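2 protein chains.
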Amino acid sequence: MFSMATIRDVAKQAGVSVATVSRVLNSNGYVNNETKKKVDEAIRQLNYKPNAVARSLYKKTSKTIGLIVPDIVNPFFPELARAVEDTAHKKGYNVFFCNTDENVEKEEHYLEILLQKYVDGVIVASNTLTAEKVKELNIPVVSIDRKITAEIPTVVVKNKEGAQKATSYLKEIGCERIAHLRGPHHIDNANERADGYLEEVGSAPWFQSSYIADGNYVMKTAIQATVELLERHPEIDGIFAANDVMAIGAVKAAHRIGKMVPEELAIIGFDGISMAEATTPELTTIAQPIYDMGTAVTDLLVKLIEKKPVERTFLELKVELIERESTRKQNNNKGGREHGAKDHSSRQY
Amino acid sequence: MFSMATIRDVAKQAGVSVATVSRVLNSNGYVNNETKKKVDEAIRQLNYKPNAVARSLYKKTSKTIGLIVPDIVNPFFPELARAVEDTAHKKGYNVFFCNTDENVEKEEHYLEILLQKYVDGVIVASNTLTAEKVKELNIPVVSIDRKITAEIPTVVVKNKEGAQKATSYLKEIGCERIAHLRGPHHIDNANERADGYLEEVGSAPWFQSSYIADGNYVMKTAIQATVELLERHPEIDGIFAANDVMAIGAVKAAHRIGKMVPEELAIIGFDGISMAEATTPELTTIAQPIYDMGTAVTDLLVKLIEKKPVERTFLELKVELIERESTRKQNNNKGGREHGAKDHSSRQY
DNA sequence: ATACTGTGTGTAACCGGTTACACATCAGAA
DNA sequence: TTCTGATGTGTAACCGGTTACACACAGTAT
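Sequences listed follow chains L and Y, in order. For reference, each letter of the first sequence is one residue, going 1 to 349 in my numbering. For reference, each letter of the second sequence is one residue, going 350 to 698 in my numbering.
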């Protein structure tokens, strides 16, 4: 067993001081060209790699960020995590990966560990954190998908606008009784999406609040809720589900009851997760630019870390309607504009 | 802006030496109970948190591991990553998260960075790494899902056995012409699964090699391959796809052609990804114990890191047939035994 | 001749922990 | 009484980088 070469080994090998080696490594200060060659040669010979931990200790920065998500298994987060990691890597940062299950203690525990490990900043996808906690961390924290407070930089999407887009699209294709399968009341984006729905149909003559069913963003309960909804209101011919997972549940419920999708019932989701393409019929949805959100939030964090100027600390990204098979226009029946090919969509298992 | 308290601040505050504080922190060596109280009080007053970087530098260990996957977006990996992170966290380790897209240079680059950051070990899900490269890292490396070489500890599943199980299950429910949608030739598990299929039907009188179609583990090409397969051999009444994503593609192809699943064509996949439950009909599959694999591989790695004894360095886990709707028994028609409820299946978005 | 600036290099302190070693005290054994 | 071992604490070296500072020497301006 042998141990890694240190900067002192390199210095000895090259016949110079450690300061000079350090200067060569970081290309700062003055170094004679001949000296530099000797040092480079010594580095090559010893296969020297500088020790990032020692560097971190002195510089008080680790070129590392933390990514805190509720659960990577939740289909929204893999693409987000991918974008964060890609962007961080491009900028020279590594990412620590943490799952909190929306559990406050777990989250605070992770933050403490990350802080002790000198992370330069943290990306949080969670709603349990308080502004106070964040402030005492003394490092940049940005939030994705959930607003925490006005002080914390955030990247979200236009949830209300997207919900309006979804609902008005259902109207447009001829739906006359449109229901909403909403998300949990304690999650902001669920409320915003419900607001968007109400904005479009809340004052329609047929509307009643019983057209809104409570879901909690998971498939199983969405199936049950949809079955009850359709039993309560058999006249429903369109459902806007607040996320894709529930929309998939709604499709299953319709199938179970024997309602044809989209002929008798149009269903539209929200999120644009890849699972929505696995269903039959494939799901029409309001797609969030998940990858772009990850890129944007990471860019923002890195700028804050490196104290570069940032234009805005609150980004509200646009969503996009993707027409697939779970809805069909009354008049024309074309497949509809899809997403542009994503640069990372061709990967294989 | 204020800076973090150090061990020397604590020592001063408590009126003791840094060694004593360190002893209290790590509960080793002798410390008088009264002294310990003073130190604890000083720690509390200053809200002192030990600096993990400084500790790493001296101890040459960071309580950090690397997780290298091809692409977290690939539906197999989120659950694996979750298991790895859960297990690592439980044992006091943080995980660096890296996506390589099966790209050798990217992979080697990540390994180099991880090494410089003093990671204690690495989990690799990849087939591009050579044993030589791994050896010169001088830290424990374990492999998941892919065998690299005999020397590198590995956790895989019984692919051939699973494939046989899938194929014989199709025979059992009455299929008489069973095709195989295989994975890429350069991936071991694809070859093992093809072997398992051949073992079951390779010597059947009806068998021809044209019953095997090349797929590359992605949905789009699987759809095309299935369409061609069914045009070539309309008599096919069962398809074993080498992964779930291709099986979903096969379901779509059947739907497109107008073949009823499972009535006219039974389809079975492999992997047990959650997406397989989103389809209509829901997919019968050979489920890998993905979460367990992640737990096992992390346990193994941590044991190697901590130089604890390990029983075996090659684990081949069992797979399990999950009957759902895309296949149906000729005789009895019961829903079939599902997975036990996974402890992490109830999370919400 | 003097001062000044740019180039090139080395010494040693520093980052914030851990621990080897030295030393002191005290109880119980020989 | 002396020896031994357990208890308790402090000093300083160490981990492997970075950099402030000192210094030396050249070339050029005054």
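Using N, Cα and C, we set each Cβ at its ideal position, and we do this for glycine too. Bear in mind that the values here come from a model prediction, so they are computed numbers and not experimental data.
6 Å Cβ shell around N400/Y - same chain, five flanking residues per side excluded: If you number the second sequence from 1, residue 400/Y lands on position 51. For N400/Y, where only same-chain residues beyond five positions count, there are no Cβ hits under 6 Å.
Counting only C-beta atoms, is S210/L closer than 7 Å to chain Y at any point? In the first sequence, the residue the question calls residue 210/L occupies position 210. Using a Cβ-Cβ cut-off of 7 Å, S210/L does not count as an interface residue toward chain Y, since no Cβ of chain Y sits closer than that to its own.
According to DSSP, is E434/Y helix, strand or coil? The count along the second sequence starts at 1 and reaches residue 434/Y at position 85. E434/Y: helix per DSSP, three-state reduction.
Can you pull the chain Y residues whose beta carbon is under 8 Å from the beta carbon of P50/L, in chain order? Along the first sequence, one-based indexing puts residue 50/L at 50. Per Cβ cutoff of 8 Å: Q465.
With 7 Å as the C-beta to C-beta threshold (strictly closer), list the residues of the region 598-615 of chain Y near chain L in chain order. V600, K601 and H604
Go through its chain and collect everything with a Cβ distance to K117/L's Cβ below 6 Å, but skip five positions before and after it. Numbered from 1 along the first sequence, position 117 holds the residue referred to as residue 117/L. Excluding positions up to five away in sequence, the list is empty.
Under 7 Å Cβ-Cβ, which residues of chain L neighbour A627/Y? If you number the second sequence from 1, residue 627/Y lands on position 278. Within chain L, the residues near A627/Y are I248, M275, A278 and T279.
Expressed to the nearest angstrom, what Euclidean distance is found between the alpha-carbon atoms of A543/Y and D641/Y? For the purposes of this step, residue 543/Y is taken as residue 194 along the second sequence, with counting starting at 1. For the purposes of this step, residue 641/Y is taken as residue 292 along the second sequence, with counting starting at 1. Looking at the two C-alpha atoms, the distance is approximately 24 Å.
I'd like to know if V53/L contacts chain Y, where contact means its C-beta is closer than 7 Å to some C-beta of that chain. Here residue 53/L refers to the residue found at position 53 when the first sequence is read from its first residue. Yes, because at least one Cβ of chain Y sits closer than 7 Å to the Cβ of V53/L.
Near-chain Y residues of the region 112-144 of chain L - C-beta to any C-beta below 9 Å: E112, I113, L114, L115, Q116, K117, Y118, E136 and N138
What separation, rounded to the nearest whole angstrom, lies between the Cα atoms of E34/L and E41/L? Taking the first residue of the first sequence as 1, we reach residue 34/L at position 34. Taking the first residue of the first sequence as 1, we reach residue 41/L at position 41. Distance between the alpha carbons of E34/L and E41/L: 11 Å.
How about K244/L and G215/L: do their beta carbons lie closer than 7 Å? Position 244 of the first sequence, counted from the start, is the residue given in the question as residue 244/L. Position 215 of the first sequence, counted from the start, is the residue given in the question as residue 215/L. According to the sequence as given, residue 244/L is Asp; it is not Lys. Result no, Cβ atoms of D244/L and G215/L do not sit closer than 7 Å.
Which two residues bound the contiguous beta strand (DSSP E) that contains G66/L? Position 66 of the first sequence holds residue 66/L. Residues T64 to V69.
Work out the CA separation of L374/Y and L129/L for me, nearest whole Å. Taking the first residue of the first sequence as 1, we reach residue 129/L at position 129. Taking the first residue of the second sequence as 1, we reach residue 374/Y at position 25. Using only the alpha carbons, I get a separation of about 28 Å.
Quick check: what's the CA-CA separation for A625/Y versus E631/Y? Within the second sequence, numbered from 1, the residue matching residue 625/Y stands at position 276. Within the second sequence, numbered from 1, the residue matching residue 631/Y stands at position 282. Approximately 6 Å between the Cα atoms of the pair.
Sequence-distant residues of the same chain with beta carbon closer than 6 Å to L229/L, five excluded per side: Within the first sequence, the letter at position 229 stands for residue 229/L. Closer than 6 Å at Cβ, skipping near neighbours: A179 and A213.
7 Å is my cut-off, CB to CB: does E306/L come that close to chain Y? Along the first sequence, read from residue 1 onward, the residue named residue 306/L stands at position 306. So, not an interface residue.
Tell me whether N138/L sits in a helix, a strand or coil according to DSSP, three-state version. Looking up residue 138/L in the first sequence gives position 138. Three-state DSSP puts N138/L in coil, outside helix and strand.
Among M4/L, K60/L, N47/L and K12/L, whose alpha-carbon lies nearest the alpha-carbon of I305/L? Position 305 of the first sequence holds residue 305/L. I305/L has its Cα closest to that of K60/L, out of M4/L, K60/L, N47/L and K12/L.
Do V155/L and V16/L have their CB atoms nearer than 7 Å? Your numbering for residue 155/L matches position 155 in the first sequence. Your numbering for residue 16/L matches position 16 in the first sequence. Taking 7 Å as the Cβ cut-off, V155/L and V16/L do not qualify as a contacting pair.
To the nearest angstrom, report how far apart D648/Y and D469/Y are at their CA atoms. Within the second sequence, residue 648/Y is the residue found at index 299, counting from 1. Within the second sequence, residue 469/Y is the residue found at index 120, counting from 1. Roughly 13 Å separates the two Cα atoms.
Where Q45/L falls, given that 16 or more other Cβ within 10 Å makes a residue buried: Mapped onto the first sequence, residue 45/L falls at position 45. Answer is exposed; the Cβ neighbour count stays below 16.
If I measure Cβ to Cβ from G689/Y and keep anything under 8 Å in the same chain, skipping five residues before and after, which residues do I get? Here the question's residue 689/Y lines up with position 340 in the second sequence. Any reading at G689/Y needs caution, since the residue's pLDDT is 36, under 50, leaving its predicted position unreliable; the model's value is listed next. Hits under 8 Å: none found.
I462/Y: which of L114/L, E107/L, H89/L and K135/L sits nearest, CA to CA? Walking along the second sequence from the start, residue 462/Y turns up at place 113. It is H89/L.
If you compare alpha carbons, which of I522/Y, R404/Y, Y379/Y and Y442/Y is closest to V651/Y? Taking the first residue of the second sequence as position 1, residue 651/Y is located at position 302. For V651/Y, the closest C-alpha among the options I522/Y, R404/Y, Y379/Y and Y442/Y is that of Y442/Y.
Outcome for G335/L when other beta-carbon atoms lying within 10 angstroms are tallied against a minimum of 16: Translated into the one-based positions of the first sequence, residue 335/L becomes position 335. Residue placement at G335/L cannot be trusted, given a pLDDT of 37 that sits under 50; the coordinates are not used to answer.
Can you list the beta strand (DSSP E) stretches of 3 or more residues lying completely in the region 85-132 of chain L, in chain order? 94-99 and 121-124
Give me the subset of the region 73-87 of chain L whose CB atoms are less than 8 Å from a CB atom of chain Y, sorted by chain position. Answer in chain order: V73, N74, P75, F76, F77, P78, E79, A81, R82, E85 and D86.
DSSP beta-bridge partners for E320/L? Sequence index remark: in the first sequence, residue 320/L carries index 320 (1-based). Answer is A287/L, bridged to E320/L.
Using a Cβ distance threshold of 8 Å, determine whether the region 600-618 of chain Y contacts the region 510-527 of chain Y, with at least three qualifying pairs required. Touching, yes, given that three or more Cβ pairs across the two stretches are closer than 8 Å.
Considering only residues of the region 233-312 of chain L, which uninterrupted alpha helix (DSSP H) runs meet the minimum length of 4 residues and lie entirely inside it, listed in chain order? 244-257 and 290-305
Quick one: what's got a C-beta closer than 7 Å to H109/L's C-beta in the same chain, skipping five residues either side? Taking the first residue of the first sequence as 1, we reach residue 109/L at position 109. The answer is none, since no qualifying residue turns up.
Continuous beta strand (DSSP E) stretch holding V179/L: start and end: Position 179 of the first sequence, counting from 1, holds the residue named residue 179/L. The residue asked about is misnamed: residue 179/L is Ala in this sequence, not Val. For A179/L, the enclosing beta strand (DSSP E) covers residues I178 to R182.
Less than 7 Å between the beta carbons of E320/L and A278/L, yes or no? Numbered from its first residue, the first sequence carries residue 320/L at position 320. Numbered from its first residue, the first sequence carries residue 278/L at position 278. In this structure, A278/L does not lie closer than 7 Å to E320/L by Cβ.
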